[in-house]
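Here's the structure, in structure tokens; my notes come after.
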Amino acid sequence: MARRKKSGMDAIASMPWPVGVVLGIAAYWCIRHGIGMYFTSFGGPVLKGVGQQASGGAFGLIAWMALALCWIAAAASALGSHRRRKLLETRSGLDSLRGISWRQFELLVGESFRRRGYSVEENGGGGKDGGIDLIVRKDGRRELVQCKQWKNSRVDVATVREMWGLKAHHDADGVHIVCIGDFTPDAARFATGKAIHLVSGTSLLEQILAVQSKPVNKPETALTQPLRESPAHACPACGSGMVRRTNRRNGQSFWGCSQYPRCKGTVAT
Numbered sequence: 006m007a008r009r010k011k012s013g014m015d016a017i018a019s020m021p022w023p024v025g026v027v028l029g030i031a032a033y034w035c036i037r038h039g040i041g042m043y044f045t046s047f048g049g050p051v052l053k054g055v056g057q058q059a060s061g062g063a064f065g066l067i068a069w070m071a072l073a074l075c076w077i078a079a080a081a082s083a084l085g086s087h088r089r090r091k092l093l094e095t096r097s098g099l100d101s102l103r104g105i106s107w108r109q110f111e112l113l114v115g116e117s118f119r120r121r122g123y124s125v126e127e128n129g130g131g132g133k134d135g136g137i138d139l140i141v142r143k144d145g146r147r148e149l150v151q152c153k154q155w156k157n158s159r160v161d162v163a164t165v166r167e168m169w170g171l172k173a174h175h176d177a178d179g180v181h182i183v184c185i186g187d188f189t190p191d192a193a194r195f196a197t198g199k200a201i202h203l204v205s206g207t208s209l210l211e212q213i214l215a216v217q218s219k220p221v222n223k224p225e226t227a228l229t230q231p232l233r234e235s236p237a238h239a240c241p242a243c244g245s246g247m248v249r250r251t252n253r254r255n256g257q258s259f260w261g262c263s264q265y266p267r268c269k270g271t272v273a274t
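In this note's numbering, the protein residues as written are 6 to 274.
Next up, the structure:
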């Protein structure tokens with residue numbers, strides 16, 4: 006896949022958004038103040054004149070433009086990060102993987118790698134399902150990723166051979182081929198014993214579910230301070246005394262085991 010050449014804003018937008026904010030401030034200071042200070046201190050007569058003009062605000066507009074461009078790229082980074090997180094958090098089954106576009110599928114795969122501690126470089130451009138879509142790095146290893154959103158066919162051995170050749174060409178440490186469906190037996194045999202990771206739709210879904218944010222499970226009953234213990238009520242589970250408690254959800258009272266949370270026995274009042 007022919008790789009699209011990135012602009013400076015593309016490069017900043019691919020970084021975490023705080024980096025873009027800091028770069029914008031640094032660029033503004035260097036252009037607005039740093040150039041003038043440097044030329045005035047170390048330049049000859051001509052450069053000192055340029056430095057004096059720079060210190061007087063000659064490059065002020067350029068400084069503001071650099072700041073604005075960096076912050077626009079930072080905003081794009083923050084928006085993209087939010088979209089990727091939402092895309093990953095809303096996947097729940099194979100149908101939810103099949104129902105997204107090929108570009109969203111690549112973003113989803115990239116986000117799943119990020120959640121597992123990889124740094125991810127999106128290759129960009131190149132059309133559907135061609136060549137290297139992502140370059141991921143972790144623990145000093147650089148690996149190539151190809152995303153195949155084929156819904157009705159299995160990935161064949163030719164695709165796996167192609168990625169194996171790209172691994173050698175780019176001197177990568179390994180390759181990942183990620184698809185929604187599955188791989189042919191020939192493809193699986195070719196990958197055996199090689200640094201080729203074949204990720205089927207089922208395996209991808211398992212990876213996604215494993216890195217999704219876990220919801221905070223609130224207990225159904227929130228316990229108030231014990232009102233009194235009742236020797237007349239013995240816990241049906243462990244025989245300990247019972248404590249009168251209130252169910253926050255419906256306001257009803259009940260007898261709960263005094264040994265909670267070790268024992269969760271209850272008796273209706």
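Glycine residues also receive a C-beta, built at the ideal position from the N, C-alpha and C atoms. Keep in mind it's a predicted model, so treat the numbers as computed, not measured.
8 angstroms Cβ cutoff met for residue i and residue j
| i | j | result |
| --- | --- | --- |
| Gly29 | Ala71 | yes |
| Val180 | Glu148 | yes |
| Val150 | Val114 | yes |
| Gly25 | Ala79 | yes |
| Asp3 | Asp161 | What is shown of the chain runs 6 to 274, which leaves residue 3 out entirely. |
| Arg89 | Leu74 | no |
| Met168 | Ile213 | no |
| Ala193 | Leu203 | yes |
| Ala63 | Ala18 | no |
| Leu102 | Gly136 | no |
| Glu116 | Ser218 | no |
| Trp22 | Ser86 | yes |
| Thr45 | Gln58 | no |
| Arg37 | Gly65 | yes |
Cβ-based burial, residue i [other Cβ within 10 Å; buried from 16]
| i | result |
| --- | --- |
| Asp289 | It is not possible to answer for residue 289, since the shown part of the chain is limited to 6 through 274. |
| Arg267 | exposed |
| Lys199 | exposed |
| Asn157 | exposed |
| Arg146 | exposed |
| Gly206 | buried |
| Ala173 | exposed |
| Ala177 | buried |
Chain-order list of residues whose beta-carbon lies under 8 angstroms from that of residue i (same chain, five-residue window excluded)
| i | result |
| --- | --- |
| Gln109 | Leu92 |
| Gln123 | One point to set straight first is that residue 123 is Tyr, not Gln, in the sequence displayed. Hits under 8 angstroms: Val141, Arg142 and Lys143. |
| Asp134 | Residue confidence for Asp134 is low, a pLDDT of 41 falling below 50, so the modelled location carries little weight; the figure read from the coordinates is stated next. Correct list, in chain order: Trp107, Gln151, Cys152, Lys153, Gln154 and Trp155. |
| Val183 | Val114, Val150, Gln151, Cys152, Lys153, Val204 and Leu209 |
| Trp76 | Gly25, Val26 and Gly29 |
| Tyr33 | Ala68, Trp69, Ala71 and Leu72 |
| Asn222 | Low confidence applies to Asn222: its pLDDT is 49, below 50, so where it sits in the model is not reliable, and the reading given next is rough at best. Answer for Asn222: no residue qualifies. |
| Leu99 | Ile185, Gly206, Thr207 and Leu210 |
Bridge-paired residues (DSSP) for residue i
| i | result |
| --- | --- |
| Leu203 | Ile182 |
| Leu139 | Glu127 and Val150 |
| Phe188 | Val160 |
| Ala239 | Gly246 |
| Ala273 | Phe259 |
| Thr251 | Ser258 |
Other residues of its chain near residue i: CB distance less than 7 angstroms, five sequence neighbours each side excluded
| i | result |
| --- | --- |
| Arg159 | Gly186, Asp187, Phe188 and Thr189 |
| Asp243 | According to the sequence provided, residue 243 is Cys. The question's Asp does not apply to it. Same-chain partners within the cutoff: Cys262, Gln264, Cys268 and Gly270. |
| Ala273 | Phe259 |
Neighbourhood of residue i by C-beta, 6 angstroms cutoff - its chain only, sequence neighbours within 5 removed
| i | result |
| --- | --- |
| Ser271 | According to the sequence shown, residue 271 is Thr rather than Ser. So the list reads Phe259 and Gly261, once near-sequence residues are dropped. |
| Phe118 | Val125 and Val141 |
| Arg120 | Val216 |
| Phe195 | Val162 and Val165 |
| Tyr265 | none |
| Pro241 | Gly270 |
| Ala83 | Trp22 |
| Thr197 | none |
Residue-level contact to chain C via CB, residue i, 8 angstroms cutoff
| i | result |
| --- | --- |
| Asp176 | Looking at the structure shown, chain C is missing, and only one protein chain is on hand. |
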